[in-house]
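Chemist: Quick one: structure below, then a few questions.
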Amino acid sequence: MDEMTQKTPRPRPDLLIATEGEFAGWRTWSRDSFESNNGPFWHRFEEDGSVRCAFRVEKKHLNGMRNVHGGCYMTFADYCLFAFASRELEAPAVTVSFACEFLDAAKEGELIVATGGITRAGGSLIFLRGTLHSGDRPLFTFSGTIKRMKKKA
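Position 56 (the sequence shown) corresponds to 56 in UniProt numbering; numbering is contiguous.
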């Protein structure tokens, strides 16, 4: 395991851990009302040190063609950036860059899983990338940059 995967994420008062259901043991954050209303989105730390994120597609995630709305993919991917970077973040951060490619559609009931991670972490910027899948089917690829905010004195 490399240095980045060994760090423990900073404690967050808004961290919720599911105790039952499909996502028992998975984590989410409650502070972001936009994500809370559009999710729920979940993440967990794997034994190999990687971070896996997921959500189950509900009717509210669909567009008029009954596929997952592209904005839902993008919102979930932004959530994933912060989950992937959580061991590197000691203070709040913001997304400063985001790029994506839509590869395939997903339907109600599918489990969307994100894998990915940090490509480089500097003093103020963290560069990340990931892929959303449903089973073995890639749905969406993304990359982004988040900027660490200075700690308030």
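Where a beta carbon is used, it is the ideal one built from N, C-alpha and C, also for glycine.
Expressed to the nearest angstrom, what Euclidean distance is found between the alpha-carbon atoms of Ser30 and Ala106?
Modeler: Approximately 25 Å between the Cα atoms of the pair.
Chemist: Let me check understanding here. Comparing Cα to Cα, which of Leu132, Ala93, Asp48 and Asp104 lies closest to Phe41?
Modeler: Of Leu132, Ala93, Asp48 and Asp104, the residue nearest in Cα terms is Leu132.
Chemist: By how many angstroms is the C-alpha of Leu111 removed from the C-alpha of Gly49?
Modeler: For Gly49 and Leu111, the distance between alpha carbons rounds to 22 Å.
Chemist: If you count every other CB in all the chains shown that lies within 10 Å of the CB of Ser134, and 16 or more means buried, which is it?
Modeler: Ser134 is buried by the Cβ-count criterion.
Chemist: Hey, out of Glu101, Val96 and Phe23, whose CA is closest to Phe82's CA?
Modeler: Cα-wise, what sits closest to Phe82 is Val96.
Chemist: What separation, rounded to the nearest whole angstrom, lies between the Cα atoms of Gly122 and Thr115?
Modeler: Taking the straight line joining both Cα atoms gives about 21 Å.
Chemist: Quick one, are the C-beta atoms of Phe102 and Phe140 less than 7 Å apart?
Modeler: Yes, the Cβ-Cβ distance between Phe102 and Phe140 is below 7 Å.
Chemist: List the residues that DSSP assigns as beta-bridge partners of residue 216.
Modeler: The first residue shown for the chain is 1 and the last is 153, placing residue 216 beyond what the model contains.
Chemist: Does the distance from the CB of Ile126 to the CB of Glu90 come in under 7 Å?
Modeler: No. Outside cutoff.
Chemist: Would you mind sorting Ala99 into buried or exposed? The rule is 16 or more other CB atoms within 10 Å of its CB.
Modeler: Result: exposed.
Chemist: Taking its Cβ as the centre, do 16 or more other Cβ atoms sit within 10 Å of Arg137, making it buried, or is it exposed?
Modeler: With fewer than 16 other Cβ atoms within 10 Å, it is exposed.
Chemist: Can you give me the start and stop residues for the alpha helix (DSSP H) that Ala77 sits inside?
Modeler: Where Ala77 is concerned, the enclosing alpha helix (DSSP H) stretches over Gly70 to Phe84.
Chemist: Below 8 Å CB to CB, which residues in the same chain sit around Lys151 once its five sequence neighbours on both sides are set aside?
Modeler: The answer, listed in chain order, is Glu90 and Ala91.
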